[in-house]
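Just below is one structure, and these are the notes that go with it.
In my numbering, the protein residues as written are 52 to 470.
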């Protein structure tokens, strides 16, 4: 994430954890949306505070008073920042590691722009960044514009980033928001344009959390443990020496050279030279999800090959010792493509079009006609227990009738049970 945002001109910042209530209360829709989720600091030691402090649920209200000082002229824009910090929300539902937590390891970008159109261009850049990140972690996702009652408090609109988990429920991995001037007005973030006029900036944010890790574990993992995408695996290849009494020194030396060759070629490689049985090592590295296991014994050295086993499929084979570097790199690329294709196919298979409220499948992501009214949306959610995730950010060809009121519509909606 840092690589992507540094490369696109964002500056990393770090703002305080605690926010005075006076700042938090400036944007009325924002505080209304979080009033049941925030933690309050009311005392310092035994002394009651004159102004309560909120432990940040997100950082708009901590950052924007400074933005109003940093931005003076159109030459200061765009202002593009991000931070990776812990945020806190009082989650009333049962917590689950990586998926539903009260202390959130959170990435958030915050930007300011001269116009609504320029801010929209930032939204498009965020979506391009997301595509590159998702490709590295081999995760499919759907971009859906959230309903008015489910958008981020204070936003003009919110785009949810959803993926499908093995139990058929969807998980929101992140979200992108266009604020227009909804925050710059109460926080007085203005700039002077080329004509000397003072205008409020238009803003965007982009948030992701450790739910990315939860999605990765859930989508790719199996009964043996993790299955790590090669693009982010801390160890991409592990070398297991297959040692016999007469070959111990030669095999150990060969494996050390192999590790050095792969490391020099840019493959994150680990040599497991522990005094343990190969089978025990296989088990350990399968749990950790290392994409490629390389096995080298005296016979492999004699034959000029390195044996491999893929973590994602269990497929085994050999690579010529002379071309082991390009061979392993190619194998990692094949694994990435295979993992993404498999996950995309699973997610695609879980989407089902419906045109009737009879016999709704409980384990599917539903796609249906919706007139867009809150009345029909709430009725569907209340009567059927699904959450309307929203409408496609990228328009999809559709013509039908609202599944609730029957009105003609070109507007498809998606709904699912959520994590």
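Cβ atoms here follow ideal geometry from the backbone N, Cα and C, with glycine treated the same way.
{"Check": "Just to confirm my understanding: we take residue 367, look at its own chain, exclude 5 residues before and 5 after, and list those with CB closer than 6 Å. What are they?", "Outcome": "360"}
{"Check": "For the segment 278-308, which segments carrying the beta strand (DSSP E) assignment without a break, of at least 3 residues, lie completely within its bounds, in sequence order?", "Outcome": "288-293"}
{"Check": "Which residue wins for smallest C-alpha separation from residue 59, given the options 335, 158 and 132?", "Outcome": "132"}
{"Check": "Here's the rule: buried if 16 or more other CB atoms are within 10 angstroms of the residue's CB, otherwise exposed. What is residue 374?", "Outcome": "exposed"}
{"Check": "DSSP on residue 360, reduced to helix/strand/coil?", "Outcome": "strand"}
{"Check": "Can you tell me whether residue 136 is helix, strand or coil according to DSSP?", "Outcome": "strand"}
{"Check": "With distances taken Cα to Cα, identify the nearest neighbour of residue 355 among 306, 399, 392 and 395.", "Outcome": "306"}
{"Check": "I'd like the ranges of any beta strand (DSSP E) spanning at least 3 consecutive residues and lying wholly in the segment 204-237.", "Outcome": "208-215 and 221-231"}
{"Check": "Touching or not, the segment 330-347 and the segment 284-294, by the rule of three or more beta carbon pairs under 8 Å?", "Outcome": "yes"}
{"Check": "Below 8 Å between beta carbons: does that hold for residue 444 and residue 195?", "Outcome": "yes"}
{"Check": "Taking the alpha carbon of residue 103 as the point to measure from, which residue in 71, 120 and 311 has its own alpha carbon closest?", "Outcome": "71"}
{"Check": "Using the beta-carbon count (16 or more within 10 Å), is residue 217 buried or exposed?", "Outcome": "exposed"}
{"Check": "Let me know the secondary structure DSSP gives residue 71 once reduced to three states.", "Outcome": "strand"}
{"Check": "Where does residue 119 sit, in a helix, a strand or coil, going by DSSP?", "Outcome": "helix"}
{"Check": "Could you give the distance in angstroms between the alpha-carbon of residue 309 and the alpha-carbon of residue 273?", "Outcome": "29 Å"}
{"Check": "Look at residue 467 and residue 431 and say whether their C-beta atoms are less than 8 Å apart.", "Outcome": "no"}
{"Check": "Which one or two residues does DSSP pair with residue 91 in a beta bridge?", "Outcome": "105"}
{"Check": "Helix, strand or coil for residue 188, going by three-state DSSP, please let me know.", "Outcome": "coil"}
{"Check": "Of all the options 184, 207, 138 and 144, which has the alpha carbon lying nearest to the alpha carbon of residue 469?", "Outcome": "144"}
{"Check": "Whole angstroms are fine: how far does the CA of residue 320 sit from the CA of residue 407?", "Outcome": "54 Å"}
{"Check": "Spell out a yes or no on whether the segment 145-161 and the segment 184-204 are touching, meaning 3 or more CB-CB pairs, one atom from each, closer than 8 Å.", "Outcome": "no"}
{"Check": "Below 8 Å on the Cβ atoms is my contact criterion, and I expect residue 411 with residue 450 to pass it. Report the Cβ-Cβ distance as a whole number of Å.", "Outcome": "Not a contact, Cβ separation roughly 21 Å."}
{"Check": "Please classify residue 320: does DSSP put it in a helix, a strand, or coil?", "Outcome": "strand"}
{"Check": "Select from 351, 260, 388 and 439 the residue whose C-alpha is nearest the C-alpha of residue 148.", "Outcome": "260"}
{"Check": "Do residue 418 and residue 404 have their CB atoms nearer than 8 Å?", "Outcome": "yes"}
{"Check": "Pull the bridge partners of residue 130 from the DSSP assignment, please.", "Outcome": "163"}
{"Check": "Buried or exposed for residue 262, please, with buried defined as at least 16 other CB atoms from any protein chain shown within 10 angstroms of its CB.", "Outcome": "buried"}
{"Check": "Give me the residue from 446, 125, 214 and 257 with the minimum Cα distance to residue 415.", "Outcome": "214"}
{"Check": "With residue 286 and residue 341 assumed to form a contact (beta carbons below 8 Å), what rounded beta-carbon distance in angstroms separates them?", "Outcome": "5 Å"}
{"Check": "Let me check one thing: in DSSP terms, what residues is residue 55 bridge-paired to?", "Outcome": "Bridge partners of residue 55: none, in fact."}
{"Check": "By alpha-carbon positions, which one of 398, 56 and 113 ends up nearest to residue 81?", "Outcome": "113"}
{"Check": "Give me the Cβ distance between residue 197 and residue 211, rounded to the nearest whole Å; I'm assuming they're in contact under 8 Å.", "Outcome": "5 Å"}
{"Check": "Kindly indicate which residue of 222, 251, 227 and 254 has the alpha-carbon position closest to the one of residue 266.", "Outcome": "222"}
{"Check": "Verify whether the separation of the beta carbon atoms of residue 68 and residue 107 is less than 8 Å.", "Outcome": "yes"}
{"Check": "Going by CA-CA distance only, name the one from 395, 457 and 399 that's closest to residue 420.", "Outcome": "457"}
{"Check": "Count the other C-beta atoms from every protein chain shown that fall within 10 angstroms of the C-beta of residue 323, then say buried if there are 16 or more, exposed otherwise.", "Outcome": "buried"}
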